[in-house]
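Asks:
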Amino acid sequence: MSMNSVSRICRTTNVWRNWTLSRHLSFIYSNFGSKLDRLNAEKVTSLNSYPSYDPSVNTVSTYPVGYNAVEQQVQPFGQVPNYNVVPNQYGFQPSIPFTFNSYGSVPYSRPNYFNNYSRPYKFNRRPGFRRYSMSSKMHTQQIFSAQKSFDIPVSSVDWNKEELVEIKKDFYDLSYEADSRPGEEIERILSSHNITIEGEHPLPKPVNTFDEAVFNEPIQKIIKDSKFVEPTPIQKVGWTSCLTGRDVVGVSQTGSGKTLTFLLPGMLHLMAQPPVGKGGPIMLILAPTRELCLQISDEATPYSKMLDLRLVSVYGGASKYVQMKQFENGAEIMVATPGRLLEFLSTGSLKLNRVSYFVMDEADRMLDMGFEPQIRKIIGQIRPDRQTLMFSATWPKEIRRLASEFCKPDFIYIQVGDLELTANENITQKVQVMNSFEIKDSLFNFLDSLPPSKKVLIFSDLKSFSDQLASNLRYRKFRAASLHGDKSQAQRERILRMFRTGECNILVATDVAARGLDIKDIDYVVNLDAPKTLLDYIHRIGRTARGGSKGNSLLFFARDTLNPSKVKFAQDLSNLLSKVNQEVPPELTSIANSL
């Protein structure tokens, strides 16, 4: 059947749907004709099917009338199916059929569940039908899982057929002081910092000073220039553990210095391997967010420059072409987010067969965001005799399962502090209970009382309110900026740079900055209302008191917007404050007891 025949039938039958479908067929032929099977495209005009373009495979799928792509079943004939549904936690529909809006036209774009409206059909500029807001119907974790459910194919690697470069992993060496330290003193160091170390014997001994850690001269020089007083607890045990060449799992609270724990042993590992030339990388660090990716890169840059090692950051929101050009010239270190890394792996523009030092930073956060399928694919591209390091702020069963599956049986487990949720004891926490309409004025009064040089991070749940509050603060002559997910990558980098340098000293942010934001001189963290969970609260206030310094937090708790989850949070917060010897307001206790 020719195109003219299709159009003639549609015009003479006076059926609006057929007429619309014929116009849609013209759109398909004009835009995707070279990629479609003509016979399949002509089937679209059948009275018993709806067209659906799937951009992941560049094909048009057809469905019978009444077919529901989510429920996978056919509805009774004559009943118009509702495809305008919110996807469940398993992800989006594999291919969304087109439906009619109130004007009788067919929206040609795939639905965007993060906006309220879809684009209208190309030949009808009137607004399309309204869609449910995904963010109001689903938990954030489910949104992340749905967003990342699109399968990116990556070819598997047969390691038996690969010619692998021989690697060296064991660099365990101690100074005389650390090596000759008696067992009683080692126990005292571990118990004083509440450090637990488990694994097959022999277990590495801790170091107590930077000089006891046998790093080369350039690294020691950078450490001394950084004016660090002494290693953090996770570094005292983590450095020697990573230098053994065994797999390591480290669990420690936010802001405890985990980044340097895996970076410095990684530098020694890199320098002992054969040169990569235009290949690489040798060290691969996975991070859940682009902010954390950039911060790890910033922290690693002084060491990589001093040791003449090339470092590349690979993350979404930036130019793929620029990133590809950087690693095509060769790089020993790559810091990446899972999504962008998989994109390069799927096109064959990047290979990970030289990776022998593999790090997953904030592994719990990556699993919370639904990255487990991506992590599994990435690990499948890395040589099996690698050294794997996992660092996390918590130790849930999902992390334990991942560690038992991808780490070798003799891995070393390091835990600093209790497994129960706890806050950094260097943070002075204050809670003020009030009505919600009083919070804004209380915030302004609090900021007026601070010296202009103090850095303040304010957390808000809404992006629009973040922008509005930052604007109000600037009107009051405060140097304020806002940071949230709707900002472009260039804007986010510029705002964070301004906050680091002190060009602006007040940052109003959503949870996009809750984890991974590593700015060591934040004086105050302010929560404008109770976060959803105690874990969110702990990660938010963990942006202050980084690297062993002191910090402060302030929570405005609205008493007039109570619900069961908020009362449960009040109970958990009261227990947390008591545990770390902080003041518990009587009104917060009364709210907690009302559960």
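With the first letter of the sequence shown counted as 1, position 147 gets the number 148 in my numbering; the numbers rise by one all the way through. Note that beta-carbon positions come from the ideal geometry of N, C-alpha and C, so glycine has one too.
1. Going by beta carbon distance, what residues of the same chain come within less than 7 Å of phenylalanine 407, once the five residues before and after it are set aside?
2. Helix, strand or coil for serine 591, going by three-state DSSP, please let me know.
3. Could you check if arginine 387 is buried or exposed, using at least 16 other CB atoms within 10 Å of its CB as the buried criterion?
4. How close, in whole Å, do the beta carbons of alanine 559 and aspartate 530 come, if the pair is a contact with beta carbons under 8 Å?
5. If you pair each beta-carbon of the stretch 535-546 with each one of the stretch 417-432, do three or more pairs fall below 8 Å?
6. Count the other CB atoms within 10 Å of the CB of asparagine 330; is the residue buried (16 or more) or exposed (fewer)?
7. For the stretch 442-460 against the stretch 486-496, are there 3 or more C-beta pairs whose distance is under 8 Å?
8. State the DSSP-derived secondary structure class of glycine 552, mapped to helix, strand or coil.
9. Glutamate 199 lies in the alpha helix (DSSP H); which residues open and close that run?
10. Taking the alpha carbon of methionine 370 as the point to measure from, which residue in Thr348, Ser554, Val249 and Glu399 has its own alpha carbon closest?
11. Taking DSSP as the reference, what is the three-state secondary structure of leucine 353?
12. Which whole-angstrom value describes the C-beta separation of valine 158 and glutamine 382, a residue pair presumed to lie in contact below a C-beta threshold of 8 Å?
13. How big is the Cα-Cα spacing for proline 183 and glycine 267?
14. Can you tell which of Ile235, Arg541 and Arg247 has its C-alpha closest to the C-alpha of glycine 549?
15. Quick one: residues in its chain with C-beta nearer than 6 Å to the C-beta of lysine 237, no 5 flanking neighbours on either side, listed in chain order?
16. Between the Cα of lysine 488 and the Cα atoms of Gly318, Gly258, Glu213 and Gly280, which residue gives the shortest distance?
17. Tell me the rounded alpha-carbon separation between lysine 551 and arginine 541.
18. Assuming contact is defined by CB atoms lying nearer than 8 Å, are arginine 355 and valine 277 in contact in what I supplied?
19. Along the alpha helix (DSSP H) that carries methionine 272, what are the first and last residues, could you check?
20. Would you identify the three-state DSSP class for serine 467, choosing helix, strand or coil?
21. Quick check on this structure: which residue in Cys243, Met325, Cys294 and Ser350 has the alpha carbon closest to the alpha carbon of methionine 367?
22. Skipping 5 residues on each side, what residues in its chain have a beta carbon closer than 8 Å to that of isoleucine 413?
23. Could you tell me the boundaries of the alpha helix (DSSP H) in which glycine 278 lies?
24. Under three-state DSSP, which class holds glutamine 572?
25. For leucine 308, which residues from the same chain have a beta carbon less than 7 Å from its beta carbon, with the 5 sequence-adjacent residues on both sides left out?
26. Across the stretch 456-463 and the stretch 578-586, are there enough close Cβ pairs to call them in contact, namely three or more that are closer than 8 Å?
27. Just reading off the beta strand (DSSP E) that leucine 287 is part of, what are its end residues?
28. Could you pull out every residue in the same chain whose Cβ sits closer than 6 Å to the Cβ of serine 554, ignoring the five residues on either side in sequence?
29. If you measure between the beta carbons of glutamate 363 and alanine 482, is that distance less than 8 Å?
30. Run through the stretch 284-356 for me and flag every whole alpha helix (DSSP H) of 4 or more residues, listed as ranges in chain order.
31. What does the alpha-carbon distance come out to for the pair tyrosine 316 and valine 323?
32. Would you please state the rounded distance, in angstroms, between the beta carbons of isoleucine 286 and leucine 310? I believe it to be under 8 Å.
33. Considering only their Cβ atoms, is the gap separating valine 336 from serine 357 smaller than 8 Å?
34. Around the Cβ of leucine 165, are there at least 16 other Cβ atoms within 10 angstroms (buried) or fewer (exposed)?
35. Relative to the C-alpha of leucine 346, which candidate in Arg477, Lys378, Lys521 and Lys326 has its C-alpha closest?
36. Beta-carbon within less than 8 Å of aspartate 411's beta-carbon, same chain only, minus the 5 sequence neighbours each way: which residues are those?
Replies: Reading off the structure:
1. Here residue 407 corresponds to residue number 406 of the sequence shown, with the count starting at 1. Answer for phenylalanine 407: Ile380 and Thr389, listed in chain order.
2. On the sequence shown, residue 591 is found 590 positions in, with the first residue counted as 1. DSSP places serine 591 within a helical segment (H, G or I) once states are collapsed to three.
3. The sequence position of residue 387 within the sequence shown is 386, counting from 1. With 16 or more Cβ atoms within 10 Å of its Cβ, arginine 387 is classed as buried.
4. Translated into the one-based positions of the sequence shown, residue 559 becomes position 558. Translated into the one-based positions of the sequence shown, residue 530 becomes position 529. By a beta-carbon distance limit of 8 Å, alanine 559 contacts aspartate 530. Their separation comes to about 5 Å.
5. The stretch 535-546, when compared against the stretch 417-432, does touch it at the 8 Å Cβ threshold.
6. Here residue 330 corresponds to residue number 329 of the sequence shown, with the count starting at 1. Result: exposed.
7. No, the stretch 442-460 is not in contact with the stretch 486-496.
8. Here residue 552 corresponds to residue number 551 of the sequence shown, with the count starting at 1. In this structure, DSSP gives glycine 552 an extended state, which the three-state scheme calls strand.
9. Position 198 of the sequence shown, counted from the start, is the residue given in the question as residue 199. Looking at the DSSP string, glutamate 199 is not in any alpha helix (DSSP H); the run it does join, the beta strand (DSSP E), is 196-199.
10. Along the sequence shown, read from residue 1 onward, the residue named residue 370 stands at position 369. Methionine 370 has its Cα closest to that of Glu399, out of Thr348, Ser554, Val249 and Glu399.
11. In the sequence shown, residue 353 corresponds to position 352, counting from 1. In the structure shown, leucine 353 falls within a coil segment according to DSSP collapsed to helix, strand and coil.
12. Within the sequence shown, the letter at position 157 stands for residue 158. Within the sequence shown, the letter at position 381 stands for residue 382. Your pair valine 158 and glutamine 382 checks out as a contact, with CB atoms roughly 6 Å apart and the cut at 8 Å.
13. Working through the sequence shown from its first residue, we reach residue 183 at position 182. Working through the sequence shown from its first residue, we reach residue 267 at position 266. Across the structure, proline 183 and glycine 267 are spaced so that their CA atoms are roughly 28 Å apart.
14. Here residue 549 refers to the residue found at position 548 of the sequence shown. The shortest Cα separation from glycine 549 among Ile235, Arg541 and Arg247 belongs to Ile235.
15. One-based indexing of the sequence shown puts residue 237 at position 236. A distance below 6 Å between beta-carbons, with the five flanking residues on each side excluded, links lysine 237 to the following residues of its chain, in chain order: Pro207 and Val208.
16. Numbered from 1 along the sequence shown, position 487 holds the residue referred to as residue 488. Residue Gly318 holds the alpha-carbon nearest to the alpha-carbon of lysine 488 among Gly318, Gly258, Glu213 and Gly280.
17. Within the sequence shown, the letter at position 550 stands for residue 551. Within the sequence shown, the letter at position 540 stands for residue 541. When rounded, the distance between both Cα atoms is 15 Å.
18. Your numbering for residue 355 matches position 354 in the sequence shown. Your numbering for residue 277 matches position 276 in the sequence shown. Taking 8 Å as the cut-off, the Cβ atoms of arginine 355 and valine 277 count as close.
19. As a position in the sequence shown, residue 272 is number 271, starting the count at 1. Run containing methionine 272: 259-272, per the alpha helix (DSSP H) assignment.
20. Along the sequence shown, read from residue 1 onward, the residue named residue 467 stands at position 466. Correct three-state label for serine 467: helix.
21. By one-based count along the sequence shown, residue 367 stands at place 366. Of Cys243, Met325, Cys294 and Ser350, the smallest CA-CA separation from methionine 367 is found for Cys294.
22. Numbered from 1 along the sequence shown, position 412 holds the residue referred to as residue 413. When the five nearest sequence neighbours on each side are left out, the beta carbons in the same chain lying within less than 8 Å of the beta carbon of isoleucine 413 are those of Ile198, Glu199, Gly200, Leu204, Pro205, Ser242, Thr245, Arg247, Asp248, Val249 and Val250, in order along the chain.
23. As a first step, residue 278 must be located in the sequence shown, where it is residue number 277. In the DSSP assignment, glycine 278 falls outside any alpha helix (DSSP H) and carries neither an H nor an E.
24. What you label residue 572 is simply residue 571 of the sequence shown in a count that begins at 1. Helix at glutamine 572.
25. Looking up residue 308 in the sequence shown gives position 307. Cβ within range, chain order: Pro219, Met268 and Met272.
26. Cβ pair count under 8 Å is below three, so no.
27. The residue given as residue 287 occupies position 286 in the sequence shown. Counting along the chain, leucine 287 sits inside the beta strand (DSSP E) bounded by residues 284-287.
28. Your numbering for residue 554 matches position 553 in the sequence shown. Residues of the same chain with a CB within less than 6 Å of the CB of serine 554, apart from the 5 flanking positions on each side, are Ile428, Gln430, Val526 and Ile542 in chain order.
29. Counting from 1 along the sequence shown, the entry for residue 363 is found at position 362. Counting from 1 along the sequence shown, the entry for residue 482 is found at position 481. Their beta carbons are not under 8 Å apart, which means glutamate 363 does not touch alanine 482 by this criterion.
30. Runs found: 291-307, 321-329 and 339-348.
31. Looking up residue 316 in the sequence shown gives position 315. Looking up residue 323 in the sequence shown gives position 322. In this structure, the straight-line span from the alpha carbon of tyrosine 316 to that of valine 323 is close to 11 Å.
32. Numbered from its first residue, the sequence shown carries residue 286 at position 285. Numbered from its first residue, the sequence shown carries residue 310 at position 309. So it is not a contact: roughly 13 Å between Cβ atoms.
33. Here residue 357 refers to the residue found at position 356 when the sequence shown is read from its first residue. Here residue 336 refers to the residue found at position 335 when the sequence shown is read from its first residue. Not a contact, by the Cβ cut-off of 8 Å.
34. Taking the sequence shown and counting its residues from 1, the one referred to as residue 165 is at position 164. That one is exposed.
35. As a working mapping, residue 346 is identified with position 345 in the sequence shown. Out of Arg477, Lys378, Lys521 and Lys326, Lys378 has the C-alpha closest to the C-alpha of leucine 346.
36. Locating residue 411 in the sequence shown gives position 410, counting from the first residue. Same-chain partners within the cutoff: Gly200, Glu201, Arg247 and Asp248.
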